[in-house]
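Asker: Residue numbers (our numbering): 765 to 1133. Every residue gets a Cβ at the ideal spot worked out from N, C-alpha and C, and that includes glycine. I'd like to ask some things about the structure below.
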Ligand SMILES: NC(=O)C1=CN([C@@H]2O[C@H](COP(=O)(O)OP(=O)(O)OC[C@H]3O[C@@H](n4cnc5c(N)ncnc54)[C@H](O)[C@@H]3O)[C@@H](O)[C@H]2O)C=CC1
Ligand SMILES: C[C@@H](CO)CCC[C@@H](C)[C@H]1CC[C@H]2[C@@H]3[C@H](O)CC4=CC(=O)CC[C@]4(C)[C@H]3CC[C@]12C
């Protein structure tokens, strides 16, 4: 818990604070932000685990609310010094309509910005995504790139399009005068694929492997590198950015930073096996078992089935044309911008990150739905 010797005066708001990343940000703030007086956790669905946080020195205020409702956002933001906006609709599987994704990710973010301006909150950290850059639908590799690497970003899918628009809104809002006359200071963090305790897709793939008798079948060439970053390090980066933005606004305001750590560069499937291998799963094949054209055919079939079945049920498998293209395109980051601008070093080594995630997966063993 926070070091109570320092003055506890700050009020933070975390939107989406009960999500996969949001929960880690909330817990990290309580451990590593000694100046915290009140932590507001805003989410559409509040988690029962919030109850156990009420006993510490920091006042934890749970707020059930919707970022698409401007008045609910303004009420939550009023009086906060810092807003960390992680709430979002993460959907690349066709579960939600493109209108809903836009409403939550873009209009929701605009509501957060407006609330900061109206109520006088000066610091805003936005959880963006690597997807605001790529991979693009043309399959161009982004190999160990940084924030300045030129890349043709083409956003056809509603999720990356919404994240790119929202990031632009946040960065362009930097410098706007908030109530009281001070300038708004904003920045955006762009995680690559996050993994760690609570990661829903890792959970789904683990259960899928168990159902298949402890096997997964290789679908992606091992040579395609996919950027991954541990959730604890992404949370730590949010805490550090929020703190340093208050001191180094001139340098950091209006900037975007990739989230990175020492997780190895591997294909999506080979990376998952670093975790799932020690949990009893095996990846069959050194090359994809099916040719790409056949996988794409299956992916298109899935998309068609989704459309046909929509009036009856929600069919949203992992494989669709977009996820196949994502998994098949190299996208890895190599940068030290966060280290240069605000002294970021990963809090968790790759070994720690892996061990923690393996421990979480092993604890799920035997509880498959
Ligand atoms: N999971 C990943 O690999 C990556 C995620 N991100 C971003 O990180 C953020 C968090 O993502 P995750 O934790 O993975 O997703 P998540 O789905 O676990 O968490 C999102 C949270 O936002 C809340 N939320 C959704 N709609 C809301 C609304 N209308 N009003 C209030 N709260 C709402 C959800 O209830 C949930 O608790 C998102 O902005 C996402 O775009 C970025 C890069 C990678
Ligand atoms: C074809 C399958 C055979 O095993 C593998 C399908 C894997 C996909 C479900 C994932 C591959 C890449 C992932 C995305 C990527 O990590 C970047 C992301 C960033 C975000 O902001 C949100 C999550 C995601 C879109 C992530 C989603 C899952 C994949 C598409």
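Within 8 Å: the Cβ of residue 869 and any heavy atom of ligand 1?
Answerer: Residue 869: yes, Cβ under 8 Å from ligand 1.
Asker: Report yes if the CB atom of residue 803 is closer than 9 Å to the CB atom of residue 824, and no otherwise.
Answerer: For residue 803 and residue 824, yes; Cβs fall inside 9 Å.
Asker: Looking only at C-alpha atoms, which of 912, 911, 928 sits nearest to residue 919?
Answerer: For the residues 912, 911, 928, the minimum Cα distance to residue 919 belongs to 928.
Asker: First and last residue of the beta strand (DSSP E) that includes residue 1029?
Answerer: Unbroken run through residue 1029: none, as it is neither H nor E.
Asker: Keeping to the same chain, check which residues put their C-beta closer than 7 Å to that of residue 1001; ignore five residues upstream and five downstream.
Answerer: Closer than 7 Å at Cβ, skipping near neighbours: 953, 1023, 1102, 1108.
Asker: I'd like the ranges of any beta strand (DSSP E) spanning at least 3 consecutive residues and lying wholly in the region 955–1012.
Answerer: Correct list: 957–959, 979–981, 992–994.
Asker: Apart from the five residues on each side of it in sequence, which residues of its chain come closer than 6 Å, Cβ to Cβ, to residue 905?
Answerer: Within the same chain, residue 905 has close Cβ partners 1094.
Asker: Would you mind sorting residue 1065 into buried or exposed? The rule is 16 or more other CB atoms within 10 Å of its CB.
Answerer: Exposed: under 16 other Cβ atoms inside 10 Å.
Asker: Keeping to the same chain, check which residues put their C-beta closer than 8 Å to that of residue 908; ignore five residues upstream and five downstream.
Answerer: Here the set comprises 1029, 1096, 1097, 1098.
Asker: Going straight from the alpha carbon of residue 768 to that of residue 819, what length do you get?
Answerer: The pLDDT assigned to residue 768 is 43, lower than 50, so where the model puts this residue is not dependable, and the model offers no usable value.
Asker: Got a sec: does ligand 2 put a non-hydrogen atom nearer than 8 Å to the Cβ of residue 955?
Answerer: Residue 955: yes, Cβ under 8 Å from ligand 2.
Asker: Figure out for me which residue from 976, 835, 1016, 796 has the closest Cα to the Cα of residue 1105.
Answerer: The residue with the shortest Cα to Cα distance from residue 1105 is 1016.
Asker: Have a look at residue 914 and residue 1119 and give me their C-alpha separation to the nearest angstrom.
Answerer: The straight-line gap from Cα to Cα measures roughly 35 Å.
Asker: Answer yes or no: the CB of residue 902 versus the heavy atoms of ligand 1, is any distance below 8 Å?
Answerer: Answer for residue 902: no, Cβ out of range of ligand 1.
Asker: Less than 9 Å between the beta carbons of residue 874 and residue 840, yes or no?
Answerer: It is not a contact, given that the beta carbons lie outside the stated cut-off.
Asker: Skipping 5 residues on each side, what residues in its chain have a beta carbon closer than 6 Å to that of residue 849?
Answerer: These residues qualify, in order along the chain: 779, 876, 890.
Asker: Taking the straight line between their C-alpha atoms, what separation do you get for residue 1044 and residue 997?
Answerer: In a straight line, the C-alpha of residue 1044 is about 26 Å away from that of residue 997.
Asker: Go to residue 777, then tell me how far its beta strand (DSSP E) extends in each direction, as first and last residue.
Answerer: Run containing residue 777: 774–779, per the beta strand (DSSP E) assignment.
Asker: Is the beta carbon of residue 886 sitting closer than 9 Å to the one on residue 942?
Answerer: Yes. Within cutoff.
Asker: Any chance you could list the alpha helix (DSSP H) runs of at least 4 consecutive residues sitting entirely within the region 843–921, in chain order?
Answerer: Counting whole runs of 4 or more residues, the region 843–921 contains the alpha helix (DSSP H) stretches 862–866, 872–883.
Asker: Using C-beta distances below 6 Å, list every residue in its chain close to residue 851, excluding the 5 sequence neighbours before and after it, in chain order.
Answerer: Answer for residue 851: 779, 780, 831, listed in chain order.
Asker: With C-beta atoms as the reference, is residue 858 less than 9 Å away from residue 1080?
Answerer: A contact, by the Cβ cut-off of 9 Å.
Asker: How big is the Cα-Cα spacing for residue 1057 and residue 1111?
Answerer: Computed Cα separation, rounded: 42 Å.
Asker: What three-state label does DSSP hand residue 800 in the structure shown?
Answerer: Note: residue 800 maps to strand in three-state DSSP.
Asker: Under a three-way DSSP split, which group does residue 837 fall into?
Answerer: Of the three classes helix, strand and coil, the one that applies to residue 837 here is helix, per DSSP.
Asker: Let me know if residue 992 comes out buried or exposed under the rule of 16 or more other beta-carbons within 10 Å of its beta-carbon.
Answerer: Residue 992 comes out buried.
Asker: Consider the Cβ of residue 882: report whether some Cβ of chain C lies at a distance smaller than 9 Å.
Answerer: Although the question refers to chain C, the structure presented lacks it and comprises just one protein chain.
Asker: Between the alpha carbons of residue 935 and residue 1021, how many angstroms are there, rounded?
Answerer: Residue 935 and residue 1021: Cα-Cα distance of roughly 12 Å.
Asker: Between which residues of its own chain and residue 1117 is the CB-CB distance below 6 Å, once the five residues before and five after are set aside?
Answerer: For residue 1117, where only same-chain residues beyond five positions count, the Cβ hits under 6 Å are 994.
Asker: Tell me whether the beta-carbon of residue 1122 lies closer than 9 Å to the beta-carbon of residue 1039.
Answerer: Cβ distance < 9 Å, so residue 1122 and residue 1039 count as in contact.
Asker: How about residue 916 and residue 980: are their beta carbons less than 9 Å apart?
Answerer: For residue 916 and residue 980, no; Cβs fall outside 9 Å.
Asker: Just how far apart, CA to CA, sit residue 766 and residue 999?
Answerer: Confidence is the limiting factor: at residue 766 the pLDDT is only 40, short of 50, which leaves the residue's position unreliable and the question unanswerable from this model.
Asker: Apart from the five residues on each side of it in sequence, which residues of its chain come closer than 8 Å, Cβ to Cβ, to residue 1025?
Answerer: Within the same chain, residue 1025 has close Cβ partners 993, 994, 997, 1110, 1112, 1114, 1117.
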